[in-house]
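A.B. asks:
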Amino acid sequence: MSAIQVIPLNWYITLSAILFGMGVMGVLFRRNAIIILMCVELMLNAVNLSLVAFSAHHSNADGQVFVFFIMAVAAAEVAVGLAILIMIYRNTKSTDINFLNKLKW
Amino acid sequence: MIQLAWLIPVLPLLGFIIIGLAGKKLSKALVSAIGCGSVLLSFGLAVGVFLELKGTVQTVHVFDWITAGSMQLGFDLLIDPLSALFLLIITGIGFLIHVYSTGYMHDDEGYGRYFSYLNLFVFFMLLLVMGGNYVLMFVGWEGVGLCSYLLIGFWFKKEEYNNAAKKAFIVNRIGDLAFLVGIIMIYMNYGSLTYSEVFAKAENNTTLFNAIGILLFIGACGKSAQIPLYTWLPDAMAGPTPVSALIHAATMVTSGIYMITRSAIFYAPHSAEIAANVVAIVGVMTALFAATIGLFQTDIKKVLAYSTVSQLGLMFLGLGVGAFTGGVFHVMTHAFFKALLFLCAGSVIHAMSGEQDIRKMGGLKKSLPITHLTFLIGTLAISGLPPFSGFFSKDEILAHAFEHNKLYWLLGIIASMMTAFYMFRLYFLTFHGSFRGTQHQKDHLHESPKSMTIPLVILAVFAIGAGFIGLPDKKLHFLDSFLQNTYKFGHANRWIDAQKDFHSSEAYLMAAAVGLALVSIFLAWSLYKKRGVVPVDNESEMGKPQRVIYNKYYVDEIYDAIIRKPLDKISEATYRFFEIKVVDAFVNGVGNMTRRAGEGIKYMQAGTLGFYVFAMTIAVILIFIIKVF
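Protein chains in written order, with the working numbering: chain A, 7 to 111; chain B, 17 to 645.
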């Protein structure tokens with residue numbers, strides 16, 4: 007029995023929920039686009055954590071495969087997101103999302 | 017040979033496909049060769065079938081066609097004496113008209129298109145006649161209607177011609193509906209549509225026979241131009257003249273007669289008295305009515321058109337009084353002399369550079385000798401003078417009518433008297449007297465090319481001689497003995513007026529008919545030849561009755577007033593009420609509602625990213641809550 011299976015499943019789920027909640031809060035209440043992006047990553051990784059935990063608990067590799075996919079997609083997303091951020095910064099000299107209010111009715 | 021009968025309709029169809037697809041790339045000579053050749057081959061096959069048939073009834077099963085539930089319909093061709101006779105008429109006269117067309121249409125830009133339509137026409141007509149069940153007949157029936165539409169509107173650049181084509185199509189549709197209902201009634205009551213099965217099951221049932229008979233007859237009224245659906249035929253003169261010949265002689269209008277003769281069992285004078293009398297009365301009224309209109313027409317083709325309507329009326333009179341052989345006999349003789357007359361008229365129009373008004377013709381005897389002679393033969397035949405073919409067939413119908421009801425006979429003989437008068441009026445005005453056209457037309461006068469005159473001569477020979485296959489005596493009436501098996505088929509012969517031995521009372525009737533015809537010819541001669549009267553073209557100079565007849569009794573105007581205008585009014589009213597207030601309102605309402613809703617809630621999209629994210633999160637949480645609880 008490896009170390010990861012020794013810790014009870016509930017602990018993982020609780021930790022994952024806390025991380026996810028932190029991510030949501032960050033996205034909702036921060037105005038800096040970089041931090042928002044980081045919070046999105048945090049939410050993704052919270053999910054990853056619970057997937058890995060379930061995978062270990064059931065001794066089934068499916069969850070880990072999902073995690074790999076999510077990590078690959080997240081990497082791509084970050085690349086695009088940061089590129090957009092750079093463009094925003096060049097145009098507004100700021101990363102504050104409250105300046106991004108031109109697109110409306 | 018009979019097993020090859022399926023080739024008879026297929027050959028013209030192939031001709032249609034080849035010319036229709038490649039018509040523009042083929043040379044005119046090749047188009048003519050394919051167009052005429054396919055029909056000629058069919059004619060050869062038809063002769064072979066006719067000779068081999070020897071009056072028996074044969075069925076050729078081509079393939080299984082419709083199998084649905086209890087209904088089994090084969091693509092069966094029925095070859096019996098009746099259809100064999102029609103095959104000969106259609107392919108034989110059809111071929112002559114094709115040959116004639118190569119001359120008549122020579123300079124037309126739509127040469128290929130014309131021949132492809134012509135072949136299609138022959139195909140559908142052959143299908144109509146050969147089909148072994150009512151559905152196949154209906155397919156041919158509709159196809160013939162389509163082709164008449166295409167050919168009447170052949171010169172589609174003229175608005176007027178298009179309207180004539182549409183009129184023919186729509187008026188025919190009215191009849192077709194009744195025919196279709198009749199077919200459905202037959203299926204509901206006898207559970208089959210194959211002739212042999214239907215006629216075997218059809219037992220004396222007066223009400224049913226009357227209902228089916230009248231419905232089928234309304235269908236025949238449309239195709240065969242009887243009151244009240246005859247108005248399309250005179251207008252159908254818009255098409256090229258050989259097409260008129262084809263429609264009036266070999267195809268289309270004879271299909272009604274064929275259908276009624278085929279369904280003879282439903283018109284048995286003793287069990288389906290009402291249906292038979294309706295046929296006879298409508299027939300004789302049409303004969304009389306159209307003949308009166310023919311008296312005052314001034315367009316050479318219109319006169320012939322009304323004479324066709326009138327002759328068809330006589331045929332229906334024959335069918336209505338049980339003289340089925342007489343009706344079919346008259347179809348045959350009429351096919352010869354009417355095709356002849358129309359083709360002669362075409363030759364005249366050709367020589368006159370397109371002029372159709374007989375008031376502008378006259379004295380064409382010298383420049384068109386062959387046309388003149390053959391036209392005279394056709395006129396004598398239609399007037400019913402012995403020994404020309406029309407005499408025998410008309411006499412047979414009138415003799416049967418006399419036995420059945422003296423009034424029918426009287427009206428019939430008045431109609432044929434008028435026929436003799438207006439046909440000779442046409443003849444004298446066109447070929448005698450002095451020329452009344454322009455100098456330019458006069459210089460241009462010429463006899464038509466050989467491709468046009470040879471069919472005229474052949475048809476003239478038949479117009480003289482075809483009557484001898486039906487001499488008015490039981491033993492000498494070859495056509496009647498030939499057709500016997502058609503009537504036995506389904507026991508219709510139990511009710512049909514049998515051919516009788518010749519007796520003296522028929523001789524009196526003949527003498528009366530010939531005498532009256534001679535009187536009317538004399539009248540026409542003294543008026544239009546001796547006194548040289550030319551019909552006035554100014555309506556105000558006409559007497560009132562003449563003006564009414566000249567305008568065709570205003571029938572078109574009456575139909576316009578009682579059918580088209582009320583329909584127009586109704587659709588106008590429903591347009592105002594239903595279309596605008598209901599349909600439009602609903603469609604516009606949906607659009608307006610969406611637009612207004614968008615107008616109201618667009619302010620939520622204020623550009624604040626924080627709010628968007630917040631809304632999204634709340635929404636996800638809400639969905640989660642709803643999903644879980």
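No residue lacks a Cβ here, since even glycine has one placed at the ideal position from N, Cα and C.
Being a predicted model, the structure only gives us computed values, none of them experimental.
#1: What's the gap between the Cα of residue 423(B) and the Cα of residue 237(B)?
#2: Using a Cβ cut-off of 8 Å, pull out every chain A residue sitting near residue 624(B), in sequence order please.
#3: What is the DSSP secondary structure of residue 228(B), reduced to helix, strand or coil?
#4: Counting C-beta neighbours from all protein chains within 10 Å, is the total for residue 544(B) 16 or more, i.e. buried, or is it exposed?
#5: Taking the Cβ atom as the reference point for each residue, do residue 235(B) and residue 284(B) lie within a distance shorter than 7 Å?
#6: For chain A, is any of its Cβ atoms less than 7 Å away from the one on residue 629(B)?
#7: When burial is assigned at 16 or more other CB atoms within 10 Å of the CB, is residue 242(B) buried or exposed?
#8: Mind checking if residue 33(A) is an interface residue toward chain B, Cβ cutoff 7 Å exclusive?
#9: Strictly below 8 Å CB to CB, what residues from chain B border residue 110(A)?
#10: Is the CB-CB distance between residue 135(B) and residue 51(B) below 7 Å?
#11: Can the beta-carbon of residue 395(B) be found closer than 7 Å to that of residue 472(B)?
#12: Step through the CB atoms of chain A and report whether any lies within less than 7 Å of the CB of residue 643(B).
#13: Run through chain B and tell me which residues come within less than 8 Å of residue 30(A), C-beta to C-beta.
#14: Between which two residues does the alpha helix (DSSP H) containing residue 476(B) stretch?
#15: Cβ closer than 8 Å: which chain A residues qualify as neighbours of residue 40(B)?
#16: Going residue by residue through the stretch 283–332 of chain B, where are the continuous beta strand (DSSP E) segments of at least 3 residues, counting only ones entirely within it?
#17: Count the C-beta pairs between the stretch 247–261 of chain B and the stretch 214–228 of chain B that are closer than 8 Å, then say yes if the count reaches three, no if not.
#18: Quick check on the DSSP output: the alpha helix (DSSP H) that includes residue 406(B) runs from which residue to which?
#19: Starting from residue 93(B), follow the beta strand (DSSP E) in both directions and report where the run begins and ends.
#20: Determine whether the Cβ of residue 174(B) lies closer than 7 Å to any Cβ atom of chain A.
#21: Could you give the C-beta distance for residue 325(B) and residue 438(B), rounded to a whole number, given that I count them as a contact under 8 Å?
#22: Can you tell me which of the three DSSP states residue 114(B) falls into?
#23: Among 371(B), 298(B), 376(B) and 232(B), which has the Cα closest to the Cα of residue 154(B)?
#24: With a CB to CB cut of under 7 Å and the five nearest residues on each side skipped, what residues in its chain are close to residue 573(B)?
#25: Shortest alpha-carbon distance to residue 527(B) belongs to which of 407(B), 602(B) and 449(B)?
#26: On the CB-based measure, 16 or more other CB atoms within 10 Å of its CB, does residue 93(A) come out buried or exposed?
#27: Using the C-alpha atoms, what's the distance from residue 448(B) back to residue 197(B)?
#28: Do you know whose CA, among 120(B), 524(B), 37(B) and 453(B), lies nearest residue 375(B)'s CA?
#29: Spatial neighbours of residue 351(B) within its chain, please: C-beta separation below 8 Å, excluding the five flanking residues on both sides.
#30: Between 141(B), 633(B), 305(B) and 565(B), which has its C-alpha nearest residue 32(A)'s C-alpha?
#31: Taking the alpha carbon of residue 73(A) as the reference point, which residue from 64(A), 100(A), 51(A) and 105(A) has its own alpha carbon closest?
#32: Can you give the Cα-Cα distance for residue 87(A) and residue 19(A), rounded to whole angstroms?
#33: Are the beta-carbon atoms of residue 88(B) and residue 18(B) separated by less than 7 Å?
#34: Using three-state DSSP, classify residue 81(B) as helix, strand or coil.
#35: List the residues of chain A whose Cβ lies closer than 7 Å to the Cβ of residue 182(B), in chain order.
#36: Quick check on the DSSP output: what are the complete alpha helix (DSSP H) runs of length 4 or more inside the stretch 118–176 of chain B, in order along the chain?
C.D. replies: Let me spell this out:
#1: Between residue 423(B) and residue 237(B), the C-alpha separation is close to 22 Å.
#2: Think of a sphere of 8 Å around the beta carbon of residue 624(B): the chain A residues whose beta carbon falls inside it are 104 and 107, in chain order.
#3: Residue state, collapsed to three classes: helix.
#4: So residue 544(B) counts as buried.
#5: No, the Cβ-Cβ distance between residue 235(B) and residue 284(B) is not below 7 Å.
#6: Closer than 7 Å to some Cβ of chain A, the Cβ of residue 629(B) qualifies, so yes.
#7: Taking all protein chains shown into account, residue 242(B) has 16 or more neighbouring C-beta atoms within 10 Å of its C-beta and is therefore buried.
#8: Yes, residue 33(A) lies at the interface with chain B (some Cβ there is under 7 Å from its Cβ).
#9: 621, 622 and 623, listed in chain order.
#10: In terms of Cβ geometry, residue 135(B) and residue 51(B) form a close pair [threshold 7 Å].
#11: Contact: no.
#12: Answer no: the Cβ-Cβ gap between residue 643(B) and chain A never drops below 7 Å.
#13: At a C-beta separation below 8 Å, residue 30(A) has these neighbours in chain B: 633.
#14: Secondary structure note for residue 476(B): its alpha helix (DSSP H) is the uninterrupted segment 466–481.
#15: None at all; the shortest Cβ gap to chain A is about 59 Å.
#16: Entirely contained in the stretch 283–332 of chain B, not one beta strand (DSSP E) run reaches 3 residues.
#17: The count of Cβ pairs closer than 8 Å, one atom from the stretch 247–261 of chain B and one from the stretch 214–228 of chain B, stays below three, leaving the stretches out of contact.
#18: For residue 406(B), the uninterrupted alpha helix (DSSP H) segment begins and ends at 405–420.
#19: Residues 87–95.
#20: For residue 174(B), the answer is no, since every Cβ of chain A falls outside 7 Å of its Cβ.
#21: Actually they do not touch by this definition, with Cβ atoms about 12 Å apart.
#22: When DSSP states are grouped into helix, strand and coil, residue 114(B) belongs to the helix group.
#23: For residue 154(B), the closest alpha carbon among the candidates 371(B), 298(B), 376(B) and 232(B) is that of 232(B).
#24: Counting only Cβ-Cβ distances below 7 Å, and skipping sequence neighbours, we find nothing.
#25: Measuring from the Cα of residue 527(B), the nearest candidate turns out to be 407(B).
#26: When all chains shown are included, residue 93(A) counts as exposed.
#27: Across the structure, residue 197(B) and residue 448(B) are spaced so that their CA atoms are roughly 51 Å apart.
#28: Measuring from the Cα of residue 375(B), the nearest candidate turns out to be 453(B).
#29: Result list for residue 351(B): 105, 109, 265, 266 and 270, in chain order.
#30: Checked all of 141(B), 633(B), 305(B) and 565(B); the closest Cα to residue 32(A) is 633(B).
#31: The option with the nearest alpha carbon to residue 73(A) is 51(A).
#32: Taking the straight line from one Cα to the other gives about 28 Å.
#33: Contact: no.
#34: Of the three classes helix, strand and coil, the one that applies to residue 81(B) here is strand, per DSSP.
#35: Within 7 Å Cβ-Cβ: nothing; residue 182(B) doesn't reach chain A, min ~54 Å.
#36: Annotation note: the stretch 118–176 of chain B contains the following uninterrupted alpha helix (DSSP H) runs of length 4 or greater, listed N- to C-terminal: 127–146 and 150–168.
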